[in-house]
Amino acid sequence: MRKCLFLIFMIVSNFIVAQSPQGINYQAAVRKTDGKPIVNKDIKVRVNILNESSTGNIVYREEHTAVTSTLGLINLTIGEGYNKSGQFENIEWGNKLKYIKIEYSEDASNNYTLSNTTLLKSVPYALYAEKTNLKAGVGIKVDGSTISNTGDQDNDTQNEIQNLSINGNTLAISKGNSVQLPGSGTGSSMQILTTDEILALNNKPQGTMILSSTNNAIYYYAGSNWFKLESTIQQSGNDVVVNDCLVAYYNFDNDNGNDYNNEYNGTIKGVVFTTDVNSKINKGKSASFDGNDRITVAKNPLKDLTQGTISFWIKSSAAGNIIYGHTGTSQAFQIKIQSNLGKKQLWFNEGSYFDYDITPYVNNSWNHLVVTISNSERKLYANGLLLETDSNNQGMTWTNLNNGMLIGERESWAAYSYTGKIDNLRIHCRPLTENEVKQIYNAGQ
1 MRKCLFLIFM IVSNFIVAQS PQGINYQAAV RKTDGKPIVN KDIKVRVNIL
51 NESSTGNIVY REEHTAVTST LGLINLTIGE GYNKSGQFEN IEWGNKLKYI
101 KIEYSEDASN NYTLSNTTLL KSVPYALYAE KTNLKAGVGI KVDGSTISNT
151 GDQDNDTQNE IQNLSINGNT LAISKGNSVQ LPGSGTGSSM QILTTDEILA
201 LNNKPQGTMI LSSTNNAIYY YAGSNWFKLE STIQQSGNDV VVNDCLVAYY
251 NFDNDNGNDY NNEYNGTIKG VVFTTDVNSK INKGKSASFD GNDRITVAKN
301 PLKDLTQGTI SFWIKSSAAG NIIYGHTGTS QAFQIKIQSN LGKKQLWFNE
351 GSYFDYDITP YVNNSWNHLV VTISNSERKL YANGLLLETD SNNQGMTWTN
401 LNNGMLIGER ESWAAYSYTG KIDNLRIHCR PLTENEVKQI YNAGQ
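Numbering (my numbering) for the sequence shown: 1 to 445.
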């Protein structure tokens with residue numbers, strides 16, 4: 001029997017006003033009908049902004065995945081969820097009354113139940129001002145979402161700006177002090193070497209991180225290979241996307257099969273680049289496959305990984321290979337949708353096969369799937385929620401992937417060619433956490 005829940009929502013007093021797109025902080029208390037809080041539970045929340053009345057036209061809709069706290073609370077930012085219709089930045093807050101309708105789902109399905117519909121009696125000043133003709137006062141300049149002080153007392157617009165630099169083990173600011181960083185050691189200390197010196201090391205424990213004095217980047221040792229860590233997060237407005245230990249990322253926004261940093265580029269055969277998954281950070285393209293197409297990546301980003309994460313969006317209703325890393329033999333790492341016993345199953349292989357029922361997500365709509373592999377377990381996520389966990393003491397055992405990687409096809413197996421769209425294919429050199437998977441899903445990345 002489904003549990004009966006109700007949600008008590010409160011607009012939090014502090015609003016997001018400094019970045020674009022802006023949003024409204026929202027808090028909800030999730031309780032059973034007897035008043036007891038629902039704690040530590042995954043729920044999905046759908047937010048609707050309506051015009052004029054509680055039954056008016058929906059001008060904006062988004063979805064969030066959240067986990068209730070030990071007190072039964074969830075915190076959302078309206079305007080920062082996964083967009084379903086309309087554009088938050090285009091809402092005319094000063095034109096007509098606005099109502100907010102909240103719906104919830106207790107599982108990974110899209111079966112939503114109405115919680116309540118409430119009149120929005122106030123909206124953040126920045127959201128209202130953006131759609132009106134309000135003027136800034138003397139000494140203040142408003143340029144889009146940037147507010148600056150034009151009344152600087154010393155009339156020097158540059159003297160507050162300082163540069164951060166590193167020279168060997170010395171970290172300094174241009175008009176201030178400097179500190180000496182430890183050159184080696186344990187605990188929180190980080191070793192500093194040149195990039196060439198780092199890449200020449202092959203006897204470090206897995207997880208070792210070393211700072212490069214050549215390019216100020218941090219390098220991570222994954223057990224047999226060094227990876228340069230890009231920025232830990234990518235932020236647009238309040239969307240936070242995990243880029244830690246990101247080996248390869250294919251967003252297809254530039255009408256090609258290239259990796260985001262041009263290290264694991266692919267060549268295309270027949271692939272068409274079309275409508276994006278509608279992510280809020282990269283509004284671009286996705287790759288469309290018709291069963292005869294593929295992207296061939298000569299330098300395999302899966303090579304030498306002993307554990308990791310593979311994240312991707314699909315829009316398909318058919319079976320077929322999503323990625324295939326081949327060794328030149330009959331054994332290879334692959335992720336594919338397989339039709340079996342009337343179900344659509346996600347198969348992934350790194351020494352033996354494991355299959356999970358993903359029939360609800362092979363529905364010709366955009367769905368987000370994530371596979372994480374560690375030395376102890378494998379996990380499958382769908383649309384931000386954990387679906388399956390099984391034990392694994394092998395890690396990713398196929399390390400001899402010298403013949404490259406295919407996207408959308410399996411070598412010499414036409415029956416396993418993919419039909420549908422793929423977007424934002426990400427390969428990380430470590431298993432992401434459940435919270436990190438949700439961040440990627442909520443940002444559409």
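Even glycine gets a Cβ: it sits at the ideal position worked out from N, Cα and C.
> Contact check, I43 vs S85 under 8 Å by CB: the rounded distance?
Replying inline: As a first step, residue 43 must be located in the sequence shown, where it is residue number 43. As a first step, residue 85 must be located in the sequence shown, where it is residue number 85. The C-beta distance from I43 to S85 rounds to 21 Å, too long to fall under 8 Å, and the pair is not in contact.
> Measuring CB to CB, does Y418 end up less than 7 Å from G404?
Replying inline: The sequence position of residue 418 within the sequence shown is 418, counting from 1. The sequence position of residue 404 within the sequence shown is 404, counting from 1. Contact flag unset, no.
>> For D423, count the other beta carbons within 10 Å of its own beta carbon; 16 or more makes it buried, fewer makes it exposed. Which is it?
In response: As a position in the sequence shown, residue 423 is number 423, starting the count at 1. With 16 or more Cβ atoms within 10 Å of its Cβ, D423 is classed as buried.
> Between D290 and G284, is the Cβ-Cβ spacing less than 7 Å?
Replying inline: If you number the sequence shown from 1, residue 290 lands on position 290. If you number the sequence shown from 1, residue 284 lands on position 284. No.
> Going by alpha carbons, who is nearest to K438 out of S374, N367 and Q191?
Replying inline: The residue given as residue 438 occupies position 438 in the sequence shown. Measuring C-alpha to C-alpha distances from K438 to each of S374, N367 and Q191 identifies N367 as the nearest.
>> By DSSP's criteria, R430 is part of a beta bridge. Which residues make up the other side?
In response: In the sequence shown, residue 430 corresponds to position 430, counting from 1. DSSP lists no partner for R430.
>> Please tell me whether L406 and T309 are closer than 7 Å, where the distance is taken between their beta carbons.
In response: Within the sequence shown, residue 406 is the residue found at index 406, counting from 1. Within the sequence shown, residue 309 is the residue found at index 309, counting from 1. Not closer than 7 Å, so no.
>> In the DSSP assignment, the alpha helix (DSSP H) including L302 goes from what residue to what residue?
In response: Here residue 302 is taken as the residue at index 302 of the sequence shown, counted from 1. DSSP places L302 in no alpha helix (DSSP H); its state is neither H nor E.
> Under a Cβ-count criterion, where at least 16 other Cβ atoms within 10 Å of its own Cβ denotes burial, should G79 be classed as buried or exposed?
Replying inline: Within the sequence shown, numbered from 1, the residue matching residue 79 stands at position 79. Buried: at least 16 other Cβ atoms inside 10 Å.
> Using the rule of at least 16 other Cβ atoms within 10 Å of the residue's Cβ for burial, across every protein chain shown, is E52 buried or exposed?
Replying inline: To locate residue 52, count along the sequence shown from 1; it is residue 52. Exposure of E52 is indicated by the presence of fewer than 16 other C-beta atoms within 10 angstroms of its C-beta.
> What span of residues does the beta strand (DSSP E) with E197 cover, start to end?
Replying inline: Working through the sequence shown from its first residue, we reach residue 197 at position 197. From DSSP, E197 is part of no beta strand (DSSP E) but of the alpha helix (DSSP H) over T195 to L199.
> Between the Cα of K269 and the Cα atoms of Y219, Q334, D255 and K101, which residue gives the shortest distance?
Replying inline: As a first step, residue 269 is located in the sequence shown; it is residue number 269 there, counting from the start. With distances taken between CA atoms, K269 lies nearest to D255 out of Y219, Q334, D255 and K101.
>> Need the endpoints of the beta strand (DSSP E) that R46 sits in, please.
In response: Indexing the sequence shown from 1 puts residue 46 at position 46. Counting along the chain, the unbroken beta strand (DSSP E) around R46 starts and ends at D42 to N51.
> Would the region 427-437 and the region 364-379 be scored as touching if the rule is three or more Cβ pairs under 8 Å?
Replying inline: At 8 Å Cβ cutoff, the stretches touch.
>> Using only CA atoms, which one of G257, G56, V272 and L387 lies nearest to K299?
In response: Position 299 of the sequence shown, counted from the first residue, corresponds to residue 299. Each of G257, G56, V272 and L387 was checked against the Cα of K299, and the nearest Cα belongs to G257.
> With a CB to CB cut of under 6 Å and the five nearest residues on each side skipped, what residues in its chain are close to V67?
Replying inline: Position 67 of the sequence shown, counted from the first residue, corresponds to residue 67. D42, listed in sequence order.
> Which word fits T77, buried or exposed, when buried means at least 16 other C-beta atoms lie within 10 angstroms of its C-beta?
Replying inline: Here residue 77 corresponds to residue number 77 of the sequence shown, with the count starting at 1. Its Cβ being crowded by 16 or more others within 10 Å, T77 is buried.
> Comparing alpha-carbon positions, which option in S288, Y104, Y112 and H64 lies nearest N364?
Replying inline: The sequence position of residue 364 within the sequence shown is 364, counting from 1. Answer by Cα proximity: S288.
> First and last residue of the beta strand (DSSP E) that includes I100?
Replying inline: If you number the sequence shown from 1, residue 100 lands on position 100. Residue range K98 to S105 is occupied by the beta strand (DSSP E) that includes I100.
> From the DSSP output, which residues share a beta bridge with F88?
Replying inline: In the sequence shown, counting from the first residue as 1, residue 88 sits at position 88. F88 pairs with nothing; no bridge assigned.
> Roughly how many whole angstroms lie between the Cα atoms of I335 and L380?
Replying inline: Position 335 of the sequence shown, counted from the start, is the residue given in the question as residue 335. Position 380 of the sequence shown, counted from the start, is the residue given in the question as residue 380. CA-CA distance, I335 to L380, rounds to 12 Å.
> Can you tell which of L50, E103, T55 and N95 has its C-alpha closest to the C-alpha of T65?
Replying inline: Indexing the sequence shown from 1 puts residue 65 at position 65. The candidate whose alpha carbon is nearest that of T65 is E103.
>> Less than 7 Å between CB atoms is the rule here; does G81 satisfy it with respect to chain D?
In response: In summary, chain D is missing from the structure at hand, where a single protein chain is found.
> Taking the alpha-carbon positions, what's the A318 to D304 distance?
Replying inline: The count along the sequence shown starts at 1 and reaches residue 318 at position 318. The count along the sequence shown starts at 1 and reaches residue 304 at position 304. A direct Cα-to-Cα measurement between A318 and D304 gives close to 31 Å.
> What is the rounded straight-line gap between the Cα of K98 and the Cα of T170?
Replying inline: Here residue 98 corresponds to residue number 98 of the sequence shown, with the count starting at 1. Here residue 170 corresponds to residue number 170 of the sequence shown, with the count starting at 1. Roughly 55 Å separates the two Cα atoms.
>> Among the candidates S286, N262 and I140, whose CA atom is the shortest distance from the CA of D253?
In response: For the purposes of this step, residue 253 is taken as residue 253 along the sequence shown, with counting starting at 1. The shortest C-alpha separation from D253 is found at S286.
> Looking only at its own chain, which residues have a Cβ that is under 6 Å from the Cβ of N265, when we skip the five neighbours before and after it?
Replying inline: Taking the first residue of the sequence shown as 1, we reach residue 265 at position 265. For N265, same chain residues with a beta-carbon under 6 Å away, outside a window of 5 residues either side, are N258 and D259 in chain order.
> Roughly how many whole angstroms lie between the Cα atoms of V30 and G384?
Replying inline: Translated into positions along the sequence shown, residue 30 becomes position 30. Translated into positions along the sequence shown, residue 384 becomes position 384. Answer to the nearest angstrom: the Cα atoms are 19 Å apart.
> By Cβ distance, which residues of its chain are closer than 7 Å to L199, with the 5 residues on each side in sequence left out?
Replying inline: Within the sequence shown, residue 199 is the residue found at index 199, counting from 1. Result list for L199: W226, in chain order.
>> For V196, tell me which candidate among S213, N110 and I38 has the shortest Cα-Cα distance.
In response: By one-based count along the sequence shown, residue 196 stands at place 196. What sits at residue 196 in the sequence shown is Asp, not Val. Here the closest residue by C-alpha is S213.
>> Quick check on this structure: which residue in S316, N110, Q307 and L246 has the alpha carbon closest to the alpha carbon of E62?
In response: For the purposes of this step, residue 62 is taken as the residue at position 62 of the sequence shown. Selected option, being the one with the closest Cα: N110.
> With 16 as the cutoff for other CB atoms within 10 Å, does T118 come out buried or exposed?
Replying inline: By 1-based counting over the sequence shown, the position of residue 118 is 118. Label assigned to T118: exposed.
>> So, under 8 Å CB-CB, I314 and K421 are touching, yes? Tell me the CB distance rounded to an integer number of Å.
In response: One-based indexing of the sequence shown puts residue 314 at position 314. One-based indexing of the sequence shown puts residue 421 at position 421. About 7 Å separates the CB atoms of I314 and K421; that is less than 8 Å, so the two are in contact.
> Ordered along the chain, which non-local residues of its own chain (more than five positions away) have a Cβ less than 7 Å from that of V247?
Replying inline: Locating residue 247 in the sequence shown gives position 247, counting from the first residue. Excluding sequence neighbours, V247 sits near F227, P301, I427, H428 and C429.
> Any idea which residues DSSP pairs G420 with across the strands?
Replying inline: Locating residue 420 in the sequence shown gives position 420, where the first residue counts as 1. Paired residues: F289.
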